[in-house]
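Below is one structure, written out as C-alpha cells; comments come after it.
2 protein chains.
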Amino acid sequence: MTHKFKTLDRAPVYVKVCNAIEEDILSGVLKEGALLPTEAELCAQFGVTRSSVREGIRLLQQSGLVERGAAKRLVVKSPNASEIAEVASRSMALGGATFGEVFETLAMLYPEAARIAAGRLSDEALGALCDVRDGLRDAAPDAADEIVGYAVEFFQQLANGLDNRVMLAMLQSLNLMIGASLRLVIDQTPNAHERILGAQTEIIAALKKRDEAQARAWMMKHIEDLRRGYVVAKVNLDARIL
Amino acid sequence: MTHKFKTLDRAPVYVKVCNAIEEDILSGVLKEGALLPTEAELCAQFGVTRSSVREGIRLLQQSGLVERGAAKRLVVKSPNASEIAEVASRSMALGGATFGEVFETLAMLYPEAARIAAGRLSDEALGALCDVRDGLRDAAPDAADEIVGYAVEFFQQLANGLDNRVMLAMLQSLNLMIGASLRLVIDQTPNAHERILGAQTEIIAALKKRDEAQARAWMMKHIEDLRRGYVVAKVNLDARIL
DNA sequence: ACAAATGTATTGTCCGACAATCCTAATATG
DNA sequence: CATATTAGGATTGTCGGACAATACATTTGT
Numbered sequence: 003m004t005h006k007f008k009t010l011d012r013a014p015v016y017v018k019v020c021n022a023i024e025e026d027i028l029s030g031v032l033k034e035g036a037l038l039p040t041e042a043e044l045c046a047q048f049g050v051t052r053s054s055v056r057e058g059i060r061l062l063q064q065s066g067l068v069e070r071g072a073a074k075r076l077v078v079k080s081p082n083a084s085e086i087a088e089v090a091s092r093s094m095a096l097g098g099a100t101f102g103e104v105f106e107t108l109a110m111l112y113p114e115a116a117r118i119a120a121g122r123l124s125d126e127a128l129g130a131l132c133d134v135r136d137g138l139r140d141a142a143p144d145a146a147d148e149i150v151g152y153a154v155e156f157f158q159q160l161a162n163g164l165d166n167r168v169m170l171a172m173l174q175s176l177n178l179m180i181g182a183s184l185r186l187v188i189d190q191t192p193n194a195h196e197r198i199l200g201a202q203t204e205i206i207a208a209l210k211k212r213d214e215a216q217a218r219a220w221m222m223k224h225i226e227d228l229r230r231g232y233v234v235a236k237v238n239l240d241a242r243i244l
Numbered sequence: 003m004t005h006k007f008k009t010l011d012r013a014p015v016y017v018k019v020c021n022a023i024e025e026d027i028l029s030g031v032l033k034e035g036a037l038l039p040t041e042a043e044l045c046a047q048f049g050v051t052r053s054s055v056r057e058g059i060r061l062l063q064q065s066g067l068v069e070r071g072a073a074k075r076l077v078v079k080s081p082n083a084s085e086i087a088e089v090a091s092r093s094m095a096l097g098g099a100t101f102g103e104v105f106e107t108l109a110m111l112y113p114e115a116a117r118i119a120a121g122r123l124s125d126e127a128l129g130a131l132c133d134v135r136d137g138l139r140d141a142a143p144d145a146a147d148e149i150v151g152y153a154v155e156f157f158q159q160l161a162n163g164l165d166n167r168v169m170l171a172m173l174q175s176l177n178l179m180i181g182a183s184l185r186l187v188i189d190q191t192p193n194a195h196e197r198i199l200g201a202q203t204e205i206i207a208a209l210k211k212r213d214e215a216q217a218r219a220w221m222m223k224h225i226e227d228l229r230r231g232y233v234v235a236k237v238n239l240d241a242r243i244l
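From first to last, the protein sequence lines are chains S and P.
Just so you know, we're using the numbering used here here: the first sequence kicks off at 3 and counts up by one.
Just so you know, we're using the numbering used here here: the second sequence kicks off at 3 and counts up by one.
Written as C-alpha cells, this is what we have:
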C-alpha cells in the first residue's frame, strides 16, 4: 500500500478566511462583543490580500455572526431570535412557502405555546399581553392596519414570555410570514376587531388562572376564527407568501 | 416650508449590488435556475468595479439565494428546507441556545407533528418510517452511533411526510440541534435500543390506524423517555449546544 | 469517431492607490 | 477651565489593473 495523501483543501481563500474566523468565534476564542482585528491585520495574519479578507468578511456578515460596530470595527455578535427569525422567514418565502403551509404551522404551534405559557408566564409578560389587549380595545374598529398590528403583537408577546429562544425564533418567523396575509383577512372580515379582542381577553384570563387546557383551547378557537377569515377573504392558500 | 429632500441612500455599493440582485430574484425577473451575468457584465451594468460586485455576491451567496453552478456561473437557487434548517440551527447554536430549550421545543412540536401525520402520511412515507424501524431493529443493541442515527432518521422521515415545508424546516433544525446530545443520552441509557424500537413500533401502528390521539400520545411517551435519558446521563440542560 | 491539444472565457487572487469616514487629540476661543 | 474647532491618523470603501487557475468549447491529430 502506497502512502495516502489527504485530499487537498481547494476551497477559495475567502471561504477559508470566513471559516477561520467563524471557528474562533465558535470555539470561544473570540467572545461576543470582541473586536476583530482590522482588515490590514487580518491580511497580515492570514497572509492574503485585503480583497480576499473582505470577501470572507461579507460571508460572515450575512450570517449575523459579525457586525460593524463603533469606529466601524467589526465586532463579534451572537445572533438573537429576531434576526434568526428574519433570515429564516425570508428564506422560506423565497423557498416557495405558501400561506397554507405557514398557517397550518401556526395552528400547530400556537395552541401548544399558549399551553406552555399558562404554566410559565411571568407577571410582566402577562402585563405586556394585557397592554396589547388594551391597545386593541381602544383602537377604532375599522382601523385594519392597527388591528393587524395588535393581533400580531399579541402573538409576539406570548412568544416572548415563553423564555425559550428556540421557540421564540420559530414563533417569530411565523409571525413575520403571517403578517401580510393577516391584513387581507382582517380587511374583509366583519367584526374582526370584536372577535379578536374577545379571543385575546379569554386567552389572557386562562393564562392568569394558569389553566393550561383552557389557554390552549382558546388559542385554538382564536386561530380557527382566523382560518375562517381566510376562507371568507378567499385567500388562495396555495399562493406563495412574498 | 422649504423643499424637502429624500434622505440619501448611503449604503455601501456592495450592499446595493446585493439588494439589486436579490430584488430581481424576489420579484421573479430572475427565476430559479437562471444564470446570472458574469462578474464583468455585472460591473458594466451596475457601473462599479469587480471588487464591489464580488463583495455583493458574497452577501447573496451566504443566504442561499445564489450558488456557483456548472461552468462556475452563478445560478439562482431557491433555498430548500434542509438548507434553511442548517442555517437556522447554526445561528441558534451560536446564539447560545441550550439543550433544555431545544429539547423543550422538540417536546412541544413532535407530538403535534405525529398527530398531524396520522391524518396525512402517505403510504410511501409510512413505508419510509417502517424502513427506519426495521433498520433499527437489525442494529446491534450496543452500536450507539447507529441507534442515534436511526432515532434521528425516524424524526426526519416523519417530518418529511408532513408535506409542509415550513414545518419541515423547523423540525429539521431541531433534529440538527438535538443530534449531538442524543448520542450522549443513548450512550448511557440501558435498553436504549429496545425502548426506542418499541416506541417507534407503537407510533407506526398508530399512524397506520390513522389514530391521531394515539400517535400523539405515543410520541409524547417516546420523548418523555428520552427526557428521562437526559436526567440519567446527567446532561446539563443549561449548557449551550455546540 | 474518438482522443489530445489548443484557445477562450471566467473566476480567484494579488497589488497599489485614493477618497470617505470616524476617532482622537491638539488647539483655539469664550 | 470648559467647550467648540481643527488637524491628524487610522480604517474602511471603492477603484483600476494585472495575472494565474480553471472550466468549457473548438480544433486538430490519428
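In this text, a Cβ means the ideal position worked out from N, Cα and C, and glycines have one as well.
Problem set entry | First through last residue of the alpha helix (DSSP H) which encompasses Glu155(P) | One-based indexing of the second sequence puts residue 155(P) at position 153. Residues 146-163.
For this session: Flag this pair as touching only if the region 136-153 of chain S and the region 12-22 of chain P have three or more C-beta atom pairs under 8 Å; answer yes or no.
Result: The region 136-153 of chain S and the region 12-22 of chain P do not touch, with fewer than 3 CB-CB distances between them shorter than 8 Å.
Problem set entry | Status (buried if at least 16 other CB within 10 Å, exposed otherwise) for Asn2(P) | Summary: the structure shown does not reach residue 2(P), with chain P confined to residues 3 through 244, and so no result is reported for it.
For this session: Within the region 27-66 of chain P, note down every full alpha helix (DSSP H) run reaching 4 residues or more, in order along the chain.
Result: Under the rule that a run must span 4 or more residues, the alpha helix (DSSP H) segments found entirely inside the region 27-66 of chain P read 41-48, 52-64.
Exercise. Along chain P, in chain order, which residues have C-beta atoms closer than 8 Å to that of Thr107(S)?
Worked result: As a first step, residue 107(S) must be located in the first sequence, where it is residue number 105. The contacting residues are Asn166, Val168, Met169, Met172.
Problem set entry | Rounded straight-line distance, which links the Cα of Leu111(P) to that of Ala208(P) | Reading the second sequence from its first residue, position 206 is the one you call residue 208(P). Reading the second sequence from its first residue, position 109 is the one you call residue 111(P). Spanning the alpha carbons of Ala208(P) and Leu111(P) requires a straight line of approximately 18 Å.
Exercise. Can you find a C-beta in chain S that's less than 8 Å from the C-beta of Gly66(P)?
Worked result: The sequence position of residue 66(P) within the second sequence is 64, counting from 1. The C-beta of Gly66(P) comes closer than 8 Å to at least one C-beta of chain S.
For this session: Round the Cβ separation of Lys79(S) and Gly66(S) to the nearest angstrom and send it over; I've been treating them as touching at under 8 Å.
Result: Residue mapping note: residue 79(S) aligns to position 77 of the first sequence, counting from 1. Residue mapping note: residue 66(S) aligns to position 64 of the first sequence, counting from 1. Their Cβ separation, rounded to whole angstroms, is 7 Å, which keeps Lys79(S) and Gly66(S) in contact under 8 Å.
For this session: Using three-state DSSP, classify Arg212(P) as helix, strand or coil.
Result: As a position in the second sequence, residue 212(P) is number 210, starting the count at 1. Three-state DSSP puts Arg212(P) in coil, outside helix and strand.
Exercise. For Glu103(S), which residues in chain P fall below 8 Å Cβ to Cβ?
Worked result: As a working note, residue 103(S) is residue 101 in the first sequence. Result: Asn166, Arg167, Val168, Met169.
For this session: In the DSSP assignment, find the beta strand (DSSP E) that holds Val77(S) and state where it starts and stops.
Result: Looking up residue 77(S) in the first sequence gives position 75. It spans 76-78 - the beta strand (DSSP E) in which Val77(S) sits, taken as one unbroken run.
Problem set entry | Sequence-distant residues of the same chain with beta carbon closer than 8 Å to Val134(P), five excluded per side | In the second sequence, the residue the question calls residue 134(P) occupies position 132. Cβ neighbours of Val134(P) beyond the five flanking positions: Tyr152, Glu155, Phe156, Gln159, Gln202.
Exercise. When you compare only the Cα positions, how much space is there between Thr191(S) and Leu170(S)?
Worked result: Your numbering for residue 191(S) matches position 189 in the first sequence. Your numbering for residue 170(S) matches position 168 in the first sequence. Going from the Cα of Thr191(S) to the Cα of Leu170(S) covers about 29 Å.
Exercise. Would you say Gly98(P) reaches chain S, if we count a Cβ-Cβ gap shorter than 8 Å as a contact?
Worked result: For the purposes of this step, residue 98(P) is taken as the residue at position 96 of the second sequence. Chain S, which has a Cβ nearer than 8 Å to the Cβ of Gly98(P), makes this yes.
Exercise. Which two residues bound the contiguous beta strand (DSSP E) that contains Val68(S)?
Worked result: Residue mapping note: residue 68(S) aligns to position 66 of the first sequence, counting from 1. In this chain, the beta strand (DSSP E) harbouring Val68(S) covers 68-70.
Problem set entry | Given 8 Å, three or more beta-carbon pairs between the region 34-44 of chain P and the region 4-15 of chain P | The region 34-44 of chain P vs the region 4-15 of chain P: no contact.
Exercise. Looking at C-alpha atoms only, which residue of Glu214(S), Gly35(S), Glu103(S) is the closest neighbour of Pro113(S)?
Worked result: For the purposes of this step, residue 113(S) is taken as residue 111 along the first sequence, with counting starting at 1. For the residues Glu214(S), Gly35(S), Glu103(S), the minimum Cα distance to Pro113(S) belongs to Glu214(S).
Exercise. Does DSSP classify Thr203(S) as helix, strand or coil?
Worked result: Indexing the first sequence from 1 puts residue 203(S) at position 201. Note: Thr203(S) maps to helix in three-state DSSP.
For this session: At 8 Å on the CB atoms, spell out the chain P contacts of Glu114(S), in chain order.
Result: Locating residue 114(S) in the first sequence gives position 112, where the first residue counts as 1. Simply Met110, Leu111, Glu114.
For this session: Enumerate, from N- to C-terminal direction, the unbroken alpha helix (DSSP H) stretches of 4 or more residues contained entirely within the region 166-206 of chain P.
Result: Note on the region 166-206 of chain P: whole alpha helix (DSSP H) runs with a minimum of 4 residues are 167-190, in chain order.
Problem set entry | 8 Å CB neighbourhood of Ala115(S) in its chain, flanking five on each side removed | For this step, residue 115(S) is matched to residue 113 along the first sequence. Cβ contact annotation for Ala115(S) (same chain, cutoff 8 Å, sequence separation greater than five): Leu160, Ala161, Leu164, Met169, Leu173, Met221, in chain order.
Exercise. Can you tell me the Cα-Cα spacing of Gly100(S) and Leu176(S), whole angstroms?
Worked result: Along the first sequence, one-based indexing puts residue 100(S) at 98. Along the first sequence, one-based indexing puts residue 176(S) at 174. Contrary to the premise, residue 100(S) reads as Thr rather than Gly in this sequence. Cα to Cα, Thr100(S) sits roughly 12 Å from Leu176(S).
Exercise. Name the DSSP bridge partner or partners of Thr100(S)?
Worked result: Start at 1 with the first residue of the first sequence, and residue 100(S) comes out as number 98. By DSSP's assignment, Thr100(S) forms a beta bridge with Arg242(S).
Exercise. Cβ of Leu108(P) within 8 Å of Cβ of Ile198(P)?
Worked result: Within the second sequence, the letter at position 106 stands for residue 108(P). Within the second sequence, the letter at position 196 stands for residue 198(P). Inclusion of Leu108(P) and Ile198(P) in the CB contact set at 8 Å is not warranted, their separation being larger than that value.
For this session: Could you have a look at Arg129(P) and say whether DSSP puts it in helix, strand or coil?
Result: Counting from 1 along the second sequence, the entry for residue 129(P) is found at position 127. The question names Arg, but residue 129(P) is Gly in the sequence shown. In the structure shown, Gly129(P) sits in a helix (DSSP, three-state: H, G or I).
Exercise. Quick one: what does DSSP say Gly231(S) is sitting in, helix, strand or coil?
Worked result: On the first sequence, residue 231(S) is found 229 positions in, with the first residue counted as 1. Note: Gly231(S) maps to helix in three-state DSSP.
Exercise. Which chain S residues sit within Cβ distance under 9 Å of Gln63(P)?
Worked result: Along the second sequence, one-based indexing puts residue 63(P) at 61. What Gln63(P) touches in chain S: Arg60, Leu61, Gln64.
For this session: Taking 8 Å as the cut-off, decide whether the C-beta atoms of Ile86(S) and Ser93(P) are in contact.
Result: As a working note, residue 86(S) is residue 84 in the first sequence. As a working note, residue 93(P) is residue 91 in the second sequence. Using a Cβ distance threshold of 8 Å, Ile86(S) and Ser93(P) count as a contacting pair.
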